[in-house]
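To start, the structure itself, in structure tokens.
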Amino acid sequence: MTQQDRRRIAAGLADGLSYAEIARRLGRPTSTISREVGRHGGPGRYRPQQAHQETAHRARRGSPAPRRAAGEPGRTSGTEEEIIELAVRSGMPRTTARVHVDLLLSEDGRRTAAELARRLNVSPASVSVAVNFLVQQGFARRERDPQRRRDIYVVDDDAWYHSIVVSARLTLDSARAAIAAAEEFGTDHPVGQRLQRAGTFLERVILDMVDSADRWRSLLA
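Here is the structure:
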């Protein structure tokens, strides 16, 4: 990777572009961009000149890329960055994705807001927005520490079940709203027919999804 490539990566990060978009503009795989950024500080700390110098130094010495020290704030591995990028591509805000992945990869699946802010090098306000989203969507839950008067955010195995159920309920509400609207238009009206088909399809698929989640929930125990 050239120094100019690294400058373009830094510019893309500053503009809020996804790794996929940066990769497309450079004509490289998304995984290459995520590894490059992950090895050199993460999206908030990436410096193209420093990254280029570190890479050149490793090439001269024949040494491997530095590994992240346990608990080192602000730095992510290439694998973590790829997981984050997948979450972003699915529609999750980047900071929220970073918080979610940090919780997932913590040893006990538990972090306080202060720990998340320190580890990810983001503001407490950003963490608050992220964890509220995760809790609302069922990806995490909030526990209160009565002794220290602070919230602890937890990701456990059952979070996958709850996230599916929360999403399914929202979609099911939309499906049933479409069916109700279809009745108002009338099944002989083109709009009513279209809404009826869409609502019925979504309702059947979502109910199957919830049944499947219930059937296989024991795998998370």
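Quick note, the numbering used here runs 19 ahead of the 1-based positions in the sequence shown. A virtual CB, placed ideally from N, CA and C, is assigned to each residue, including glycine.
Buried or exposed, going by whether 16 or more other CB atoms sit within 10 Å of the CB of residue i?
{"i": "Glu104", "result": "buried"}
{"i": "Gly35", "result": "exposed"}
{"i": "Gly205", "result": "exposed"}
{"i": "Thr49", "result": "buried"}
{"i": "His208", "result": "exposed"}
{"i": "Leu214", "result": "buried"}
{"i": "Gly90", "result": "Only weak support is given to the placement of Gly90: the predicted model assigns it a pLDDT of 47, under 50, and the value that follows is read from those uncertain coordinates. Flag for Gly90 reads exposed."}
{"i": "Ser53", "result": "buried"}
{"i": "Ala84", "result": "Because the pLDDT of Ala84 is 48, which lies under 50, any placement of that residue in the model is unreliable, and the number read from its coordinates should be weighed accordingly. By the neighbour-count rule (16 or more Cβ atoms within 10 Å), Ala84 is not buried but exposed."}
Could you give the distance in angstroms between the alpha-carbon of residue i and the alpha-carbon of residue j?
{"i": "Gln68", "j": "Pro62", "result": "15 Å"}
{"i": "Val185", "j": "Arg47", "result": "36 Å"}
{"i": "Thr51", "j": "Ala42", "result": "8 Å"}
{"i": "Glu99", "j": "Arg160", "result": "21 Å"}
{"i": "Arg188", "j": "Asp127", "result": "29 Å"}
{"i": "Leu32", "j": "Ala194", "result": "38 Å"}
{"i": "Ile28", "j": "Arg66", "result": "9 Å"}
{"i": "Asp177", "j": "Ser109", "result": "21 Å"}
{"i": "Arg234", "j": "Gly218", "result": "24 Å"}
{"i": "Leu45", "j": "Ala39", "result": "10 Å"}
{"i": "Gln155", "j": "Leu221", "result": "22 Å"}
{"i": "Pro143", "j": "Arg169", "result": "13 Å"}
{"i": "Ile225", "j": "Ala199", "result": "17 Å"}
Under 9 Å, do residue i and residue j count as touching if we go by C-beta distance?
{"i": "Ser182", "j": "Phe158", "result": "yes"}
{"i": "Thr190", "j": "Val146", "result": "no"}
{"i": "Arg25", "j": "Glu55", "result": "yes"}
{"i": "His59", "j": "Ala70", "result": "yes"}
{"i": "Ala201", "j": "Val210", "result": "yes"}
{"i": "Leu135", "j": "Ala149", "result": "yes"}
{"i": "Val173", "j": "Leu123", "result": "no"}
{"i": "Arg129", "j": "Ile102", "result": "no"}
{"i": "Ala132", "j": "His119", "result": "no"}
{"i": "Arg223", "j": "Tyr180", "result": "no"}
{"i": "Asn140", "j": "Arg216", "result": "no"}
{"i": "Asp164", "j": "Arg138", "result": "no"}
Just verifying my parser: in three-state terms, what is the DSSP assignment at residue i?
{"i": "Glu40", "result": "helix"}
{"i": "Thr51", "result": "helix"}
{"i": "Thr114", "result": "helix"}
{"i": "Arg188", "result": "helix"}
{"i": "Thr21", "result": "coil"}
{"i": "Ser142", "result": "coil"}
{"i": "Pro209", "result": "helix"}
{"i": "Asp121", "result": "helix"}
{"i": "Ala240", "result": "coil"}
Tell me the DSSP bridge mates of residue i?
{"i": "Asp170", "result": "Arg163"}
{"i": "Thr14", "result": "Given that the chain is displayed from residue 20 to residue 240, the structure contains no residue 14 and the question cannot be resolved."}
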